[in-house]
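Each remark here refers to the structure printed beneath this line.
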Amino acid sequence: MAEEDRFSNTTHDVFNITLHTTLGVTTKLVLPTPAKPILPVQTGEQAQQEEQSSGMTIFFSLLVLAICIILVHLLIRYRLHFLPESVAVVSLGILMGAVIKIIEFKKLANWKEEEMFRPNMFFLLLLPPIIFESGYSLHKGNFFQNIGSITLFAVFGTAISAFVVGGGIYFLGQADVISKLNMTDSFAFGSLISAVDPVATIAIFNALHVDPVLNMLVFGESILNDAVSIVLTNTAEGLTRKNMSDVSGWQTFLQALGYFLKMFFGSAALGTLTGLISALISFDHVDLRRTPSLEFGMMIIFAYLPYGLAEGISLSGIMAILFSGIVMSHYTHHNLSPVTQILMQQTLRTVAFLCETCVFAFLGLSIFSFPHKFEISFVIWCIVLVLFGRAVNIFPLSYLLNFFRDHKITPKMMFIMWFSGLRGAIPYALSLHLDLEPMEKRQLIGTTTIVIVLFTILLLGGSTMPLIRLVDIEDAKARRRSKKDVNLSKTEKMGNTVESEHLSELTEEEYEAHYIRRQDLKGFLWLDAKYLNPFFTRRLTQEDLHHGRIQMKSLTNKWYEEVRQGPSGSEDDEQELF
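Numbering (the working numbering), first residue to last: 358 to 935.
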């Protein structure tokens, strides 16, 4: 029995049994790796406690979100349009964190577990809708016209910034100027802190009507940059988990490059393929236009499908869902019925707003909920390296791109792009997701990331508007406006507008007049207009357009009848509607 136990224990490792035959040939039999054990299912009292804890976490998150929604409403109602909503929500989160800390100090309640930001919740629930909506709401004309420049800034620029920040931290640590980090940890931090999130800047750009090319370069770079930064951080984490002591620096670089290329192009291809499949499904072969509820449900499934599939096969779900959103918006959206088009647009905006608000609120709460290790020299040098890495990214690449661009990137635009490199919740979530030892190192990285994020959002984001006015880069019409007319409320604009390009339904003749006969199309735009768009996009008949108008008119009349029959309906109210 003892021998049986010893044998069963040894089978947990892969080992070779060597059999010598009479011919002197050695044969190796490799026993299979044992199957992954199934985690035990919690039952009884333990399951009940877990449900109670999860319920309190959900309640606390929804309560914080409700307070933030009230704050945004007050900003809109009292026309405090000069204050970006992201800055206001982060400030409210800091205030709520301070109040909760005082309550815990007085021993009135203990919400430490509920107020703690969970990286898994961020990556599984909050980030995918934000990334998908960003890709889905891109202005496709400007995006594809600047796809080369955006890709260069997002991929090579992010890599440059990561190497500058990571290399600077590593060498400063070796010189005993700051705390020492090994090469892979330094590169991981450089990668995560290179993720930009210029939410406040984009709101200012839209309010002041700056050059649309500048707006798209900053916005498009930030979308792709998030996915690239996550892939780079995962690459560094993968190197940390492996034993690289016997591998040369060149081999380590090649392994990291191969892993990055596999994650980037594999995830992008998966997302693109999923988006194209959704376009074919929404085509005539599976016509769900006459049942908008089923059509809308199918689109919601395809919105999250690439993320789960990519994560399940060890690719980047964020990269996959980004490219899926871009492809679905460019092809699938125009195959949908008008009702589903509006539902998709407004639903995605609302969900993304709630997720962003929740993320910024918990970012403010983290000031008091996260165990900190603050090192002033490490923070200052990291801020300097972040700003320097952004400069090394933007200015050389902009000068290089100007040799190939018709619309040149001016020095003023370069400066605004450099200044717009705000950091958001993604660096903070990635810093908590890193598996660093000892715990003090993890706390140092987390605290430094929080300080950098708050520094860029509150200081750089708050000073973007006066800087734009100072360098005189805003539109001439916007320049003549008074400051009180500038509206930085993304939510108010989101609720008052429906993008016309997302409601376009072109017949075959109209499409040919708008795109096929144009002589100024070149590159991908020409390929898309000539072959891809006709294949993946439905060209509507007059009957289809007539049915869509009847559907919209029927829904409008039904809503109007319900309004008239309401308890507060009156003739005066009807006159006000008209």
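All residues carry an ideal CB built from backbone N, CA and C; glycine is no exception.
How close, in whole Å, do the beta carbons of residue i and residue j come, if the pair is a contact with beta carbons under 8 Å?
{"i": "Glu442", "j": "Val429", "result": "6 Å"}
{"i": "Gly721", "j": "Ile451", "result": "4 Å"}
{"i": "Gly530", "j": "Phe544", "result": "Not a contact, Cβ separation roughly 12 Å."}
{"i": "Thr689", "j": "Gly632", "result": "7 Å"}
{"i": "Ile550", "j": "Pro784", "result": "5 Å"}
{"i": "Ile457", "j": "Trp468", "result": "6 Å"}
{"i": "Thr590", "j": "Leu711", "result": "Not really, about 25 Å apart at Cβ, beyond 8 Å."}
{"i": "Gly547", "j": "Ala519", "result": "4 Å"}
{"i": "Leu779", "j": "Leu817", "result": "6 Å"}
{"i": "Leu789", "j": "Phe474", "result": "7 Å"}
{"i": "Val521", "j": "Leu742", "result": "7 Å"}
{"i": "Phe489", "j": "Ala660", "result": "5 Å"}
{"i": "Leu503", "j": "Leu571", "result": "Looking at the sequence itself, residue 503 is Asn, so the reference to Leu does not match. Rounded, the Cβ-Cβ distance is 10 Å, inconsistent with contact."}
{"i": "Leu672", "j": "Gly615", "result": "That belief does not hold up - the Cβ atoms of Leu672 and Gly615 are roughly 14 Å apart, past 8 Å."}
Can you tell me whether residue i is helix, strand or coil according to DSSP?
{"i": "Arg436", "result": "coil"}
{"i": "Val553", "result": "strand"}
{"i": "Arg941", "result": "In the structure as shown, the chain begins at 358 and stops at 935. Residue 941 is therefore absent and cannot be evaluated."}
{"i": "Glu867", "result": "Unreliable positioning characterises Glu867 in this predicted model, as indicated by a pLDDT of 45, which lies under 50. A coordinate reading is not provided."}
{"i": "Met676", "result": "helix"}
{"i": "Leu815", "result": "helix"}
{"i": "Asn477", "result": "helix"}
{"i": "Ser839", "result": "Note on Ser839: pLDDT 43, under 50, position unreliable in the model; the coordinate value appears next. Three-state result, Ser839: coil."}
{"i": "Leu589", "result": "helix"}
{"i": "Leu630", "result": "helix"}
{"i": "Asn366", "result": "Residue placement at Asn366 is flagged as unreliable, the pLDDT there being 47, under the threshold of 50; a coordinate-derived value is accordingly withheld."}
{"i": "Val567", "result": "coil"}
{"i": "Asn467", "result": "coil"}
{"i": "Ser494", "result": "coil"}
{"i": "Ala359", "result": "For Ala359, the predicted structure reports a pLDDT of 45, less than 50, and the residue's modelled location is therefore unreliable. The matter cannot be settled from this model."}
{"i": "Gln406", "result": "helix"}
{"i": "Leu419", "result": "helix"}
{"i": "Lys619", "result": "helix"}
{"i": "Thr821", "result": "helix"}
{"i": "Thr894", "result": "coil"}
{"i": "Lys887", "result": "helix"}
{"i": "Leu428", "result": "helix"}
{"i": "Leu645", "result": "coil"}
{"i": "Asn373", "result": "Because Asn373 carries a pLDDT of 43, less than 50, the predicted location of this residue cannot be relied on, and no value is offered for it."}
Could you check where the alpha helix (DSSP H) with residue i kicks off and where it finishes?
{"i": "Leu744", "result": "733 to 758"}
{"i": "Glu442", "result": "442 to 462"}
{"i": "Lys798", "result": "796 to 811"}
{"i": "Leu963", "result": "Any question about residue 963 goes unanswered here, given that the chain covers just 358 to 935."}
{"i": "Tyr936", "result": "No answer is possible for residue 936: the residues shown for the chain start at 358 and end at 935."}
{"i": "Ile766", "result": "Unbroken run through Ile766: none, as it is neither H nor E."}
{"i": "Gly721", "result": "695 to 726"}
{"i": "Gly778", "result": "Counting along the chain, Gly778 falls outside any alpha helix (DSSP H), and DSSP gives it neither H nor E."}
{"i": "Leu793", "result": "That residue, Leu793, is in no alpha helix (DSSP H); it is neither H nor E in DSSP."}
Would you say residue i touches the ligand ZN, meaning its beta carbon is less than 7 Å from a heavy atom?
{"i": "Met453", "result": "No copy of the ligand ZN occurs in the structure displayed, which carries no ligand at all."}
Report task. Write down every uninterrupted run of the alpha helix (DSSP H) in the region 498 to 549 whose length is 4 residues or greater and which is fully enclosed by it, in chain order. Result -> 504 to 508, 515 to 531, 540 to 549
Query raised in the report: Taking three-plus beta-carbon pairs below 8 Å as touching, is the region 411 to 422 in contact with the region 772 to 781?
Result: no
**Report entry** Contact the region 685 to 701 vs the region 417 to 426: 3+ CB pairs below 8 Å
**Finding:** no
Requested in this report: Take every Cβ of the region 665 to 684, pair it with every Cβ of the region 749 to 759, and state whether three or more of those distances are shorter than 8 Å.
Outcome: no
Query - Any 3 or more C-beta pairs closer than 8 Å across the region 799 to 813 and the region 727 to 744 - result: yes
Query raised in the report: With contact counted as at least three CB pairs below 8 Å, one residue from each stretch, are the region 661 to 680 and the region 610 to 629 in contact?
Result: yes
Query raised in the report: Within the chosen definition, does the region 501 to 510 reach the region 568 to 582 through at least 3 CB pairs nearer than 8 Å?
Result: yes
Query raised in the report: Should the region 475 to 495 be called in touch with the region 660 to 679, which here means at least 3 C-beta pairs below 8 Å?
Result: yes
Requested in this report: Determine, using beta-carbon pairs with one atom in the region 646 to 657 and one in the region 606 to 619, whether at least three such pairs fall under 8 Å.
Outcome: no
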